[in-house]
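Written below as structure tokens is the structure these notes are about.
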Amino acid sequence: MSLASTDTMKAGPSMLARLFARQELALLLCLILVIAFFSFTAENFFSVRNMTNVLGQASLALTAGIGCAIVFMSGEVDISIGSLLAT
Numbered sequence: 094m095s096l097a098s099t100d101t102m103k104a105g106p107s108m109l110a111r112l113f114a115r116q117e118l119a120l121l122l123c124l125i126l127v128i129a130f131f132s133f134t135a136e137n138f139f140s141v142r143n144m145t146n147v148l149g150q151a152s153l154a155l156t157a158g159i160g161c162a163i164v165f166m167s168g169e170v171d172i173s174i175g176s177l178l179a180t
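Per this note's numbering, residue 94 is the first one in the sequence shown, and the count goes up by one each step.
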């Protein structure tokens with residue numbers, strides 16, 4: 094009887110597959126691709142006026158999101174944020 098083991102090395106997932114297995118990294122990569130696309134197609138994409146407009150439009154959602162995150166982190170559950178933003 095032979096005690097020699099036959100170890101076969103299995104090929105693991107590729108680096109790209111491992112990158113997309115993490116949803117946060119895949120989302121970040123998609124965001125970078127969208128930003129790169131619009132920076133090449135729209136000449137005023139990185140202008141101060143556009144950034145001010147985007148931040149102004151998102152300020153209500155950001156404020157509500159921060160408040161909701163604080164409630165979730167404290168261990169409570171509050172799902173009334175949709176009705177608050179709808180009014």
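Each residue gets a CB set at the ideal place from its N, CA and C atoms; glycine is no exception. If you're wondering where the values come from, they're calculated on a predicted model, not measured in any experiment.
If we ignore side chains and look at the alpha-carbon of each, how far apart do residue 170 and residue 162 end up?
For the purposes of this step, residue 170 is identified with residue 77 of the sequence shown, where counting begins at 1. For the purposes of this step, residue 162 is identified with residue 69 of the sequence shown, where counting begins at 1. So the alpha carbons of these two residues sit roughly 10 Å apart.
Straight-line gap, residue 139 to residue 109 (C-alpha atoms, nearest Å):
The residue given as residue 139 occupies position 46 in the sequence shown. The residue given as residue 109 occupies position 16 in the sequence shown. Rounded to whole angstroms, residue 139 to residue 109 spans 29 Å at the Cα level.
Just to confirm, is the Cβ distance from residue 143 to residue 137 under 8 Å?
Numbered from 1 along the sequence shown, position 50 holds the residue referred to as residue 143. Numbered from 1 along the sequence shown, position 44 holds the residue referred to as residue 137. A contact, by the Cβ cut-off of 8 Å.
For residue 155 and chain D, any beta-carbon pair shorter than 8 Å?
Chain labels in this structure do not include chain D; a single protein chain is all it has.
Simplified DSSP assignment, three categories, for residue 105:
One-based indexing of the sequence shown puts residue 105 at position 12. Three-state result, residue 105: coil.
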